[in-house]
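Residue numbers (this note's numbering): 789 to 1021.
The following block contains the structure:
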């Protein structure tokens, strides 16, 4: 059986251990999680002005990974925190265009961490630029109201987080489906005719030790397989 092809938009990196120059990376754990769930992970180069209908031909699902912060100018009139890091104008532009294309074309979509914030801003929402009590290096319970749709069998899931920003004003059409004990929005359902969700935590961090986290990837890959079958009819 052919594995569903999952596009992961690469992230620019200022330095890697295997190159002498700026790199393009995909987190190993992210690719491993997609593979473990039955998918074929494929990294795509972020190119401004991309014709996504052409580049995503044959792709069955899109995964938007974590990364640096979005430029606050996309959702605010001023920078209110000195903690903003990793801003990249090209990355922002490409990420926004691909997310909007995926929603418009009803391609299965899973957005993680920065990806969750990106989806919110793309749909007109805003972010808290720096949380008073950030969620870096934290594993904490997340309460999920759409557990079965995400592929989960539990309503409360221990989740690994690494973020210092959070959703503030919710974007158009987004539905909150998970929160943490301190009220942070941890997952949203994306308005799309396809299966499309965004999670603020990192399910790839513990997919190999927590069946609930792997289940998210399995559901995503299963939806990608269904999308592939329907497209081929």
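Glycine included, C-beta positions come from ideal geometry on N, C-alpha and C.
Quick check on residue i: does DSSP put it in helix, strand or coil?
{"i": "residue 920", "result": "coil"}
{"i": "residue 1019", "result": "helix"}
{"i": "residue 926", "result": "strand"}
{"i": "residue 978", "result": "coil"}
{"i": "residue 878", "result": "helix"}
{"i": "residue 816", "result": "helix"}
{"i": "residue 845", "result": "coil"}
{"i": "residue 902", "result": "helix"}
{"i": "residue 965", "result": "strand"}
{"i": "residue 932", "result": "strand"}
{"i": "residue 891", "result": "helix"}
{"i": "residue 866", "result": "coil"}
{"i": "residue 871", "result": "coil"}
{"i": "residue 853", "result": "coil"}
Can you give the Cα-Cα distance for residue i and residue j, rounded to whole angstroms?
{"i": "residue 842", "j": "residue 969", "result": "43 Å"}
{"i": "residue 789", "j": "residue 966", "result": "34 Å"}
{"i": "residue 944", "j": "residue 866", "result": "36 Å"}
{"i": "residue 903", "j": "residue 1017", "result": "26 Å"}
{"i": "residue 949", "j": "residue 932", "result": "15 Å"}
{"i": "residue 1009", "j": "residue 833", "result": "21 Å"}
{"i": "residue 916", "j": "residue 862", "result": "13 Å"}
{"i": "residue 884", "j": "residue 868", "result": "22 Å"}
{"i": "residue 910", "j": "residue 853", "result": "15 Å"}
{"i": "residue 800", "j": "residue 811", "result": "6 Å"}
{"i": "residue 825", "j": "residue 848", "result": "14 Å"}
Quick check on the DSSP output: the beta strand (DSSP E) that includes residue i runs from which residue to which?
{"i": "residue 949", "result": "944 to 949"}
List the whole-angstrom C-beta distance separating residue i from residue j, where the pair is believed to meet the contact cut-off of C-beta under 8 Å.
{"i": "residue 813", "j": "residue 798", "result": "6 Å"}
{"i": "residue 795", "j": "residue 830", "result": "6 Å"}
{"i": "residue 891", "j": "residue 978", "result": "6 Å"}
{"i": "residue 905", "j": "residue 953", "result": "6 Å"}
{"i": "residue 947", "j": "residue 928", "result": "7 Å"}
{"i": "residue 987", "j": "residue 1003", "result": "Incorrect: roughly 12 Å between the Cβ atoms, too far for contact."}
How far does the alpha helix (DSSP H) with residue i in it reach, from first residue to last?
{"i": "residue 837", "result": "Note, residue 837: premise wrong, no alpha helix (DSSP H); not H, not E."}
{"i": "residue 987", "result": "Taken as a continuous stretch (DSSP letters only), residue 987 belongs to no alpha helix (DSSP H), being part of the beta strand (DSSP E) at 984 to 987."}
Please tell me whether residue i and residue j are closer than 9 Å, where the distance is taken between their beta carbons.
{"i": "residue 993", "j": "residue 817", "result": "yes"}
{"i": "residue 983", "j": "residue 930", "result": "no"}
{"i": "residue 887", "j": "residue 877", "result": "no"}
{"i": "residue 939", "j": "residue 1006", "result": "yes"}
{"i": "residue 827", "j": "residue 860", "result": "no"}
{"i": "residue 955", "j": "residue 918", "result": "no"}
Would you say residue i touches the ligand MG, meaning its beta carbon is less than 8 Å from a heavy atom?
{"i": "residue 794", "result": "What this structure holds is no ligand at all, so the ligand MG is not there to describe."}
Using a Cβ-Cβ cut-off of 9 Å, state whether residue i counts as contacting chain B.
{"i": "residue 880", "result": "Given the protein chain composition of this structure (a single chain), no chain B is represented."}
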